[in-house]
Amino acid sequence: MIKSKINMSSEIRFDWQKEEISEILKMPLIDLMWESQKIHREFNVYSVQLASLYSVKTGGCQEDCSYCSQSIYSASQIKSHPQFEVKEVLERAKIAKKEGADRFCMGWAWREIRDGESFNSMLKMVKGVRDLGMEACVTAGMLTEEQASRLAEAGLTAYNHNLDTSPEHYKNIITTRTYQDRLDTIKRVRNAGINVCCGGIIGLGETNGDRASLLEVLSNMNPHPESVPINSLVAIEGTGLENNKAIDSIEMIRMIATARILMPKSKIRLSAGREKLSKEAQILCFQCGANSIFYGDELLTTSNPSFQSDRKLLQEVGVSFNKNFETCEKTLSSL
3 MIKSKINMSS EIRFDWQKEE ISEILKMPLI DLMWESQKIH REFNVYSVQL
53 ASLYSVKTGG CQEDCSYCSQ SIYSASQIKS HPQFEVKEVL ERAKIAKKEG
103 ADRFCMGWAW REIRDGESFN SMLKMVKGVR DLGMEACVTA GMLTEEQASR
153 LAEAGLTAYN HNLDTSPEHY KNIITTRTYQ DRLDTIKRVR NAGINVCCGG
203 IIGLGETNGD RASLLEVLSN MNPHPESVPI NSLVAIEGTG LENNKAIDSI
253 EMIRMIATAR ILMPKSKIRL SAGREKLSKE AQILCFQCGA NSIFYGDELL
303 TTSNPSFQSD RKLLQEVGVS FNKNFETCEK TLSSL
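Just so you know, we're using my numbering here: the sequence shown kicks off at 3 and counts up by one.
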């Protein structure tokens, strides 16, 4: 039996090996779901965090990520848009809060954070979001130790910097930034006392071994990332991966379940590509340990299920979410 070869105890580990992870990913699906469900119930209240994602600076990125329409190397016709002003962003955060989100994530299409007026505005946005009583998350590429420290002082809850794929497959997806660059950025975020949001994407042409390798890197971080987004590729016309086939929903369920087993306390976020999943597939992801979703009609450059449909789904499933949801619902119904 596979289970006899793997330590499935409730002990939190930081020494998972690729071979172990590969065996977990290949387990009979019913057994895998059972194991992840047990661990999820042991370490987490059965709830789902609602996070809203907003693109503050869109397009014109100097990176060549082959899945991304914001890259200057992409032929997808995403136009570069100037950074939104602080007031505009905070107005959007207020709307997200009224719709039920308790975490507001802000994205900048940059290779690295730029000092000066743009960074000062970012700090004001972070402070403003925290003043609304929401968690604040930023994704803006690489950053220095000083920038990480200033973001921490502003009250930043989390910084997102995904690994995307395995160290072995990475060079086939991105050439303008190394894997070590990404790890160094995550280390600076952690050293500043900011929570780490770090995950990856499946459907980039990787093997199951690559998926195990990505999860090995994530699960050997000590502490584990507080948030682990699991994305499936949204193949956009004009990008380098526009012809990649969509993954089967079972692959997403396996990835969610394995991530939960490896990182029992992390928020496992069902992220990009969720719109392509059936209601039933999403429910299975929740059962396997997904306890966070991006919430709202769109992500940075791709569509997302509407917040109305998400609230209906979560109510049907019977899991709790934003503690202020009932208040938000009454507010919305009176508008």
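Don't be surprised by glycine CBs; every beta carbon is placed ideally from N, CA and C. Source: prediction; values computed, not measured.
Whole-angstrom distance between Leu-34 and Tyr-172, CA atom to CA atom | Indexing the sequence shown from 1 puts residue 172 at position 170. Indexing the sequence shown from 1 puts residue 34 at position 32. Tyr-172 and Leu-34: Cα-Cα distance of roughly 27 Å.
Between Thr-167 and Lys-267, what straight-line distance do the alpha-carbon atoms span, to the nearest angstrom?
-> Against the sequence shown, residue 167 aligns to sequence position 165. Against the sequence shown, residue 267 aligns to sequence position 265. Each residue's alpha carbon lies about 22 Å from the other.
Alpha-carbon spacing of Ser-54 relative to Leu-316, whole angstroms = Here residue 54 refers to the residue found at position 52 when the sequence shown is read from its first residue. Here residue 316 refers to the residue found at position 314 when the sequence shown is read from its first residue. Taking the straight line joining both Cα atoms gives about 16 Å.
Determine contact between the segment 174-184 and the segment 223-231, defined as no fewer than three beta-carbon pairs at a distance below 8 Å.
-> no
Touch test, the segment 39-54 against the segment 202-209, Cβ-Cβ under 8 Å, three pairs minimum | no
For Ser-221, which residues from the same chain have a beta carbon less than 6 Å from its beta carbon, with the 5 sequence-adjacent residues on both sides left out?
-> In the sequence shown, the residue the question calls residue 221 occupies position 219. Excluding positions up to five away in sequence, the list reads Trp-18, Leu-264, Met-265.
Once you ignore the five residues that flank Glu-65 on each side, which residues in its own chain have a CB closer than 7 Å to its CB?
-> Residue mapping note: residue 65 aligns to position 63 of the sequence shown, counting from 1. Ser-73, Arg-113, Ile-176, Thr-178, Arg-179.
Per-residue DSSP class, three states only, for Asn-210 = Reading the sequence shown from its first residue, position 208 is the one you call residue 210. Looking at Asn-210 - three-state DSSP - the assignment turns out to be helix.
In terms of residue numbering, what span does the beta strand (DSSP E) encompassing Asn-233 cover?
-> What you label residue 233 is simply residue 231 of the sequence shown in a count that begins at 1. From DSSP, the beta strand (DSSP E) with Asn-233 extends over 229-234.
Can you tell me the Cβ-Cβ gap for Gly-291 and Ile-258, rounded? I've got them flagged as a contact below 8 Å.
-> As a first step, residue 291 is located in the sequence shown; it is residue number 289 there, counting from the start. As a first step, residue 258 is located in the sequence shown; it is residue number 256 there, counting from the start. With 8 Å as the limit, Gly-291 and Ile-258 qualify as a contact, their Cβ atoms being about 6 Å apart.
Taking all protein chains shown into account, decide if Val-91 is buried (16 or more other Cβ within 10 angstroms of its Cβ) or exposed.
-> In the sequence shown, residue 91 corresponds to position 89, counting from 1. Buried.
Quick one: any contact between the segment 119-134 and the segment 144-159, if contact means 3 or more CB pairs under 8 Å?
-> yes
DSSP state of Gly-202 mapped onto helix, strand, coil | Here residue 202 refers to the residue found at position 200 when the sequence shown is read from its first residue. Strand at Gly-202.
Sufficient close CB pairs (3 or more, under 8 Å) joining the segment 13-30 to the segment 276-286 = no
How is Gln-19 classed by DSSP in three states: helix, strand or coil?
-> Taking the sequence shown and counting its residues from 1, the one referred to as residue 19 is at position 17. Gln-19: coil per DSSP, three-state reduction.
Assuming Met-127 contacts Val-88 (C-beta within less than 8 Å), just tell me the rounded distance between them.
-> Here residue 127 is taken as the residue at index 125 of the sequence shown, counted from 1. Here residue 88 is taken as the residue at index 86 of the sequence shown, counted from 1. That belief holds up - the Cβ atoms of Met-127 and Val-88 are roughly 6 Å apart, short of 8 Å.
Out of Lys-59, Ser-12, Gly-61, Val-47, which has the shortest C-alpha to C-alpha gap to Glu-37?
-> Here the question's residue 37 lines up with position 35 in the sequence shown. Of Lys-59, Ser-12, Gly-61, Val-47, the residue nearest in Cα terms is Ser-12.
Hey, Leu-235 and Asn-246: beta-carbon distance below 8 Å or not?
-> If you number the sequence shown from 1, residue 235 lands on position 233. If you number the sequence shown from 1, residue 246 lands on position 244. Cβ atoms of Leu-235 and Asn-246: closer than 8 Å.
State buried or exposed for Cys-330, treating a residue as buried only when at least 16 other CB atoms are found within 10 Å of its CB.
-> Locating residue 330 in the sequence shown gives position 328, where the first residue counts as 1. Residue placement at Cys-330 cannot be trusted, given a pLDDT of 41 that sits under 50; what the coordinates show is reported in the next sentence. Burial call: buried.
Option in Asp-212, Val-140, Lys-269 with minimal Cα separation from Val-47 | One-based indexing of the sequence shown puts residue 47 at position 45. Nearest of Asp-212, Val-140, Lys-269 to Val-47, Cα basis: Lys-269.
Taking Ile-41 as part of the alpha helix (DSSP H), name the residues at either end of that continuous run.
-> Against the sequence shown, residue 41 aligns to sequence position 39. Segment 31-45, the alpha helix (DSSP H) holding Ile-41.
Local Cβ density within 10 Å of Pro-227, reported as buried at 16 or more and exposed below that = Reading the sequence shown from its first residue, position 225 is the one you call residue 227. The residue is buried, with at least 16 neighbouring Cβ atoms inside 10 Å.
For Leu-125, does the three-state DSSP call read helix, strand or coil?
-> In the sequence shown, the residue the question calls residue 125 occupies position 123. Correct three-state label for Leu-125: helix.
Could you have a look at Val-50 and say whether DSSP puts it in helix, strand or coil?
-> The residue you call residue 50 lines up with position 48 of the sequence shown. Three-state result, Val-50: coil.
Does the beta-carbon of Phe-106 have 16 or more other beta-carbons within 10 angstroms, so that it is buried, or is it exposed?
-> As a working mapping, residue 106 is identified with position 104 in the sequence shown. Burial call: buried.
Considering only residues of the segment 160-199, which uninterrupted alpha helix (DSSP H) runs meet the minimum length of 4 residues and lie entirely inside it, listed in chain order?
-> 181-193
Strand pairing of Leu-141, partner residues [DSSP] = Taking the sequence shown and counting its residues from 1, the one referred to as residue 141 is at position 139. Reading off the sequence shown, one finds Thr at residue 141, where the question assumed Leu. DSSP lists Gly-109 as partners of Thr-141.
If you count every other CB in all the chains shown that lies within 10 Å of the CB of Ala-103, and 16 or more means buried, which is it?
-> In the sequence shown, counting from the first residue as 1, residue 103 sits at position 101. With 16 or more other Cβ atoms within 10 Å, it is buried.
Between which two residues does the beta strand (DSSP E) carrying Leu-272 extend?
-> Here the question's residue 272 lines up with position 270 in the sequence shown. Run containing Leu-272: 269-272, per the beta strand (DSSP E) assignment.
Rounded C-alpha distance that separates Ala-138 from Ile-97 = Locating residue 138 in the sequence shown gives position 136, counting from the first residue. Locating residue 97 in the sequence shown gives position 95, counting from the first residue. Using only the alpha carbons, I get a separation of about 15 Å.
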